[in-house]
Amino acid sequence: MTQPRAFLEQLFQTAVAAAHPATCLPPHLPVAPRAGGLVMLAAGKAAGSMTEVAERHYLDAGVPSGRIHGAAVTRHGYGRPTQIVPVVEAGHPVPDAAGLAAAERTLALADAAGAEDLVLVLLSGGASANWIAPAPGLDLAEKQAVTRALLKSGASIGEINTVRKHLSRLKGGRLAARAAPARVVTLAISDVPGDDPAVIGSGPTVADPSTLADARAIVARYRLDVPRAVERALADPKNESPKPGNAAFARTEFRLVARPADAFRAATAAVEAAGYECVFLGDQVEGEAREVAAAHAAEARNLAAAG
307 MTQPRAFLEQ
317 LFQTAVAAAH
327 PATCLPPHLP
337 VAPRAGGLVM
347 LAAGKAAGSM
357 TEVAERHYLD
367 AGVPSGRIHG
377 AAVTRHGYGR
387 PTQIVPVVEA
397 GHPVPDAAGL
407 AAAERTLALA
417 DAAGAEDLVL
427 VLLSGGASAN
437 WIAPAPGLDL
447 AEKQAVTRAL
457 LKSGASIGEI
467 NTVRKHLSRL
477 KGGRLAARAA
487 PARVVTLAIS
497 DVPGDDPAVI
507 GSGPTVADPS
517 TLADARAIVA
527 RYRLDVPRAV
537 ERALADPKNE
547 SPKPGNAAFA
557 RTEFRLVARP
567 ADAFRAATAA
577 VEAAGYECVF
587 LGDQVEGEAR
597 EVAAAHAAEA
607 RNLAAAG
């Protein structure tokens with residue numbers, strides 16, 4: 307191979323393209339309601355692109371622009387030009403005031419949705435930080451503090467989001483509860499090992515199997531130094547998330563439109579098409595990036611030495 311860097315960059319782009327909203331989203335977009343409105347609520351690093359693709363799809367299908375409204379929030383620098391639904395940029399991985407305002411707008415739109423409306427939730431990695439709606443008694447600074455503590459702790463994304471879900475008015479199924487009785491369809495691009503809907507974006511529209519006790523155990527396990535207000539919130543039964551069987555989920559659907567496995571599959575096919583053998587280490591790897599990178603590099607050296 308004369309240009310290994312160029313080849314690797316090409317593989318990266320191939321993997322990204324396999325999970326790009328323009329590729330994966332259109333086949334899953336539901337039919338717009340006949341009578342009600344179409345409310346798009348998007349968050350995450352792909353929120354801008356997902357909103358852009360969804361808008362184009364429905365406008366091309368003849369849905370009047372006056373029946374489409376919504377709100378989208380993405381990471382700073384990831385905004386996209388849209389025609390109807392505004393895309394705002396907010397902090398990631400530590401939330402900021404822009405994310406707070408975006409979450410309040412999102413909750414207001416969910417509250418206003420009626421039984422004839424379709425609430426289309428477009429979810430991607432980063433949504434947990436972009437949508438920041440502190441539980442009663444908490445403020446933005448306290449949510450920022452607990453986020454920083456979690457990120458430094460070495461906790462898994464599932465553990466981090468378990469804590470987040472119990473400190474929020476939006477996460478852990480609460481967005482679906484706010485949107486009821488509207489029909490809620492969530493289309494998600496997964497970036498988490500295992501593709502658990504309750505973990506992706508902290509599961510704003512699905513029942514949450516985790517508990518306040520789980521969240522407290524995570525804080526204790528990693529000896530997190532969190533504000534007293536956070537400790538009080540995690541001890542308050544009012545902050546328990548809605549569980550499976552809750553009536554809030556009677557008219558909800560959740561669809562995975564892209565997974566890490568899809569991107570890996572595309573990259574593997576490109577490697578093999580170029581005449582090389584691909585060693586796939588799986589899509590369940592998680593941990594500190596520097597540690598995982600060192601392990602991958604060691605594996606590559608071992609394979610090279612083995613011929």
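613 is the number that the working numbering gives the last residue of the sequence shown; the numbers go up by one with no jumps.
Here a beta-carbon is modelled for each residue, glycine too, at the ideal position from N, C-alpha and C.
Taking only three categories from DSSP, how would you classify residue i?
i, result
"Thr517", "coil"
"Pro543", "helix"
"Leu481", "helix"
"Phe313", "helix"
"His334", "helix"
"Glu377", "For the record, residue 377 in the displayed sequence is Ala; it is not Glu. Three-state DSSP puts Ala377 in a strand."
"Phe570", "helix"
"Thr492", "strand"
"Leu473", "coil"
"Pro440", "strand"
Kindly give me the distance between the Cβ atoms of residue i and residue j, rounded to whole angstroms, as I take these residues to be in contact under 8 Å.
i, j, result
"Ala504", "Ala554", "About 14 Å separates the two Cβ atoms, so there is no contact after all."
"Thr412", "Leu365", "At roughly 22 Å, the Cβ-Cβ gap does not stay under 8 Å, so Thr412 and Leu365 are not in contact."
"Glu422", "Ala341", "5 Å"
"Leu331", "Ala349", "So it is not a contact: roughly 15 Å between Cβ atoms."
"Ala409", "Trp437", "5 Å"
For a quick check, are the C-beta atoms of residue i and residue j less than 8 Å apart?
i, j, result
"Leu429", "Gly507", "yes"
"Ser434", "Arg386", "no"
"Leu424", "Ala338", "yes"
"Val469", "Ala521", "yes"
"Val532", "Ala455", "yes"
"Gly478", "Ser547", "yes"
"Glu448", "Val536", "yes"
"Gly443", "Ala519", "no"
"Leu562", "Ser474", "no"
Roughly how many angstroms separate the alpha carbons of residue i and residue j, rounded to a whole number?
i, j, result
"Ala612", "Glu583", "14 Å"
"Thr308", "Val322", "24 Å"
"Glu559", "Ser516", "20 Å"
"Asn467", "His363", "32 Å"
"Arg571", "Ala325", "11 Å"
"Ser462", "Pro370", "43 Å"
"Asp502", "Arg489", "21 Å"
"Ala378", "Met346", "8 Å"
"Gly581", "Ala312", "16 Å"
"Asp589", "Ala600", "17 Å"
"Pro440", "Gln450", "10 Å"
Can you tell me whether residue i is buried or exposed, with buried defined as 16 or more other CB within 10 angstroms of its CB?
i, result
"Lys458", "exposed"
"Val380", "For clarity, residue 380 is Thr in the given sequence; the question names Val instead. Thr380 should be labelled buried."
"Asp472", "It is His, not Asp, that sits at residue 472 in the sequence shown. Buried."
"Pro327", "buried"
"Val391", "buried"
"Gly397", "buried"
"Leu344", "buried"
"Arg480", "buried"
"Val491", "buried"
Tell me, please, whether the CB atom of residue i is closer than 8 Å to any CB atom in chain D?
i, result
"His398", "The chain inventory of the structure shown lacks chain D, comprising one protein chain alone."
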